[in-house]
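In the working numbering, the protein residues as written are 19 to 226.
One structure is given here, and the rest of the page talks about it.
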Ligand SMILES: Cc1cc2nc3c(=O)[nH]c(=O)nc-3n(C[C@H](O)[C@H](O)[C@H](O)COP(=O)(O)OP(=O)(O)OC[C@H]3O[C@@H](n4cnc5c(N)ncnc54)[C@H](O)[C@@H]3O)c2cc1C
């Protein structure tokens, strides 16, 4: 039984999923919305305070995610570089949400453009939709984190991101590698090895 407040209405529920309400830490001297998040324009610039830029979870952009924060940071870096005299047109923020869902069997890769009320085209699959195929997708951060992961695994003492489940759901069989596969038709040949950067690929920019 869940009691809704205010009002006290009671609901009988089979399952309850609770999500925290987000609150920003407003920064003295900078504008903030009622929840404490910093507003920005499409180039990451904070309005009414001169040359101040913001990126990431602390901004008013409603989707809080590492990949989104990376894209905002790229936009801000390009805008600042242009202000500093670097030639080129800064590109406005065009958010693309990329998510890797660890399932206990084959991971799922999901991608969608976030274009406000119009919605965007979404893709999902068992093959990677970006490189490196990491949980945090970012042109610069993802290859960097991937390299650190690879070094930690090679040095020993670190565990891979994906671990085989002790008990598998019905209809799912275990793979030879550290991963497991579904008998329900998933055809991914993804293994932990492919999640690590291949030599020379670390800095490759291949997000779409
Ligand atoms: C459990 C969990 C799992 C997540 N998994 C994923 C995932 O798989 N993929 C993904 O893309 N995203 C994931 N996210 C979201 C991702 O972590 C955030 O979107 C991302 O870290 C935002 O980056 P940021 O730089 O804006 O903020 P943060 O990473 O929060 O960095 C802000 C930094 O500012 C510091 N700071 C705060 N106040 C002050 C101050 N007054 N002075 C100085 N420093 C200050 C903080 O200590 C912190 O180091 C996850 C988040 C959580 C909580």
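Glycine is no exception: its CB is placed at the ideal position from the N, C-alpha and C atoms.
The structure displayed is predicted, hence computed values, not measured ones.
If we call anything under 8 angstroms between Cβ atoms a contact, is residue i one with residue j?
i	j	result
residue 56	residue 39	no
residue 147	residue 141	yes
residue 164	residue 118	no
residue 42	residue 76	yes
residue 65	residue 49	yes
residue 3	residue 116	The chain is shown from 19 up to 226; residue 3 falls before or after that span and cannot be answered.
Smallest Cα separation from residue i: which of the options?
i	options	result
residue 79	174, 146, 59 and 21	59
residue 186	149, 121, 36 and 177	121
residue 94	62, 68 and 105	62
residue 81	68, 130, 34 and 67	130
residue 126	102, 44, 180 and 161	180
residue 85	183, 69, 68 and 161	161
residue 70	32, 166 and 101	101
Between which residues of its own chain and residue i is the CB-CB distance below 7 angstroms, once the five residues before and five after are set aside?
i	result
residue 30	19
residue 205	Annotation note: pLDDT 31 at residue 205 (below 50); position unreliable, coordinate value reported separately. Hits under 7 angstroms: 144.
residue 159	88
residue 26	none
residue 22	29
residue 34	20
residue 219	Confidence is the limiting factor: at residue 219 the pLDDT is only 38, short of 50, which leaves the residue's position unreliable, though a coordinate-based value still follows. Closer than 7 angstroms at Cβ, skipping near neighbours: no residue.
residue 203	Reliability fails at residue 203, whose pLDDT of 32 lies under 50, so the model's placement of it is uncertain and the value that follows must be treated cautiously. Nothing listed; no residue qualifies.
Which same chain residues end up closer than 6 angstroms to residue i when comparing Cβ atoms and leaving out the 5 residues on each side of it in sequence?
i	result
residue 99	none
residue 96	108
Based on DSSP bridge pairs, tell me the residues matched to residue i.
i	result
residue 128	117 and 142
residue 77	56
residue 63	71
Within a Cβ cutoff of 8 angstroms, which residues of the same chain sit near residue i, ignoring the five residues on either side of it in sequence?
i	result
residue 67	47, 48 and 49
residue 139	130 and 131
residue 54	41, 42, 43 and 44
Taking one C-beta from the segment 106-115 and one from the segment 73-91 each time, how about it: are there three or more such pairs within less than 8 angstroms?
yes
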